[in-house]
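In our numbering, the protein residues as written are 808 to 1091.
Heads up, the beta-carbon is just placed ideally off N, CA and C, and yes, glycines get one too.
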């Protein structure tokens, strides 16, 4: 059975795919509605100039016929600006969902960067969907905006559940940073592991540990910073003392095979040695 992180990974990426699809649909529908509005405005101007009998009826309309443009001062301008802003926001949200460029969002739009969750993204999607649904649009724009609003609500819910870790949990490249257990992997049974694999893994672990210790020692004594060490003299002892290392004189010891010297007795220490003479048989 796959771990829970695997299901979370695939679930978050499924919502991510739906989010990108809904944003693309809103992008296409916004362009489609903008083109229809321009055509309706042109038809309205032509009708108003050609037929004076219906001019009063056209002026009394709240919206230009077959469009989302309000029949008021600057209505065409604000309708086009509204669609252009929606298209711009949709492009920014698609780039945020793709995760490129991450450094740009982390610096200029932190709420859409890697340090924040999906709550802010869901709020933006909900606002765009509500702005489109608040107008009388065709079926294509209506379905796209409704889908975007639903996905925005899902992202807000996921943002409340996972908070800032949501984007890291769904990241496809997160295994490169050490989270190798995010994607499902197949591990062979323990009975099939041979000794050579264990020995090679232990050897690689020991070599990496030794390299880390050497790098740490070099960084402490300044050799890795482009200058020579202090050696074993007075300067080296002084530098070690500045870093908190204490150098003590080693205790003098004898090798194991050497006999320990016996302590002299009290009588031998007090009395001085006297010469002892013996006579031989050949003495004259």
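Backbone CA spacing between residue i and residue j [nearest angstrom]
i: residue 840; j: residue 902; result: 23 angstroms
i: residue 845; j: residue 882; result: 12 angstroms
i: residue 868; j: residue 948; result: 23 angstroms
i: residue 912; j: residue 850; result: 42 angstroms
i: residue 975; j: residue 962; result: 14 angstroms
i: residue 940; j: residue 812; result: 36 angstroms
i: residue 886; j: residue 832; result: 19 angstroms
i: residue 889; j: residue 916; result: 21 angstroms
i: residue 953; j: residue 893; result: 15 angstroms
i: residue 875; j: residue 929; result: 25 angstroms
i: residue 818; j: residue 895; result: 28 angstroms
i: residue 973; j: residue 821; result: 13 angstroms
i: residue 834; j: residue 944; result: 14 angstroms
i: residue 909; j: residue 922; result: 10 angstroms
i: residue 946; j: residue 838; result: 14 angstroms
i: residue 808; j: residue 814; result: 11 angstroms
i: residue 891; j: residue 810; result: 44 angstroms
i: residue 1041; j: residue 924; result: 56 angstroms
i: residue 855; j: residue 884; result: 19 angstroms
i: residue 914; j: residue 960; result: 26 angstroms
i: residue 765; j: residue 907; result: This structure cannot speak to residue 765, because the chain is shown only from 808 to 1091.
i: residue 828; j: residue 857; result: 44 angstroms
i: residue 1000; j: residue 1044; result: Unreliable placement is indicated for residue 1000, whose pLDDT of 44 sits below 50; the coordinate value is still reported in the next sentence. Using only the alpha carbons, I get a separation of about 49 angstroms.
Which residues DSSP lists as bridging residue i, in chain order
i: residue 870; result: 877
Supposed close pair residue i, residue j - CB separation, criterion 8 angstroms
i: residue 836; j: residue 951; result: 5 angstroms
i: residue 826; j: residue 958; result: 5 angstroms
i: residue 823; j: residue 970; result: With 8 angstroms as the limit, residue 823 and residue 970 do not qualify as a contact, their Cβ atoms being about 17 angstroms apart.
i: residue 897; j: residue 935; result: 7 angstroms
i: residue 919; j: residue 830; result: Their Cβ separation, rounded to whole angstroms, is 13 angstroms, which puts residue 919 and residue 830 out of contact at 8 angstroms.
i: residue 967; j: residue 926; result: 7 angstroms
i: residue 900; j: residue 931; result: 6 angstroms
i: residue 795; j: residue 847; result: This structure gives no information on residue 795, because the portion of the chain shown stretches from 808 to 1091.
Three-state secondary structure assigned by DSSP to residue i
i: residue 945; result: coil
i: residue 890; result: helix
i: residue 916; result: coil
i: residue 826; result: helix
i: residue 809; result: coil
i: residue 907; result: coil
i: residue 997; result: Low per-residue confidence applies at residue 997: pLDDT is 49, beneath 50, and the placement is therefore not dependable, though the value from the model is reported in the following sentence. Residue 997: helix per DSSP, three-state reduction.
i: residue 980; result: helix
i: residue 934; result: helix
i: residue 1050; result: coil
i: residue 924; result: coil
i: residue 973; result: helix
i: residue 1031; result: Confidence is the limiting factor: at residue 1031 the pLDDT is only 44, short of 50, which leaves the residue's position unreliable, though a coordinate-based value still follows. In this structure, residue 1031 counts as helix in the three-state DSSP scheme.
i: residue 815; result: helix
Identity of the residue in the options nearest residue i by Cα
i: residue 842; options: 910, 873 and 819; result: 873
i: residue 942; options: 810, 877, 838 and 960; result: 877
i: residue 979; options: 808, 816 and 809; result: 816
Contact with chain D by residue i, beta-carbon distance below 8 angstroms
i: residue 946; result: Checking the listed chains, one finds no chain D in this structure; it contains a single protein chain.
Residue i: CB within 7 angstroms of a non-hydrogen atom of the ligand PLP
i: residue 826; result: As far as ligands go, the structure on display features none, and thus does not contain the ligand PLP.
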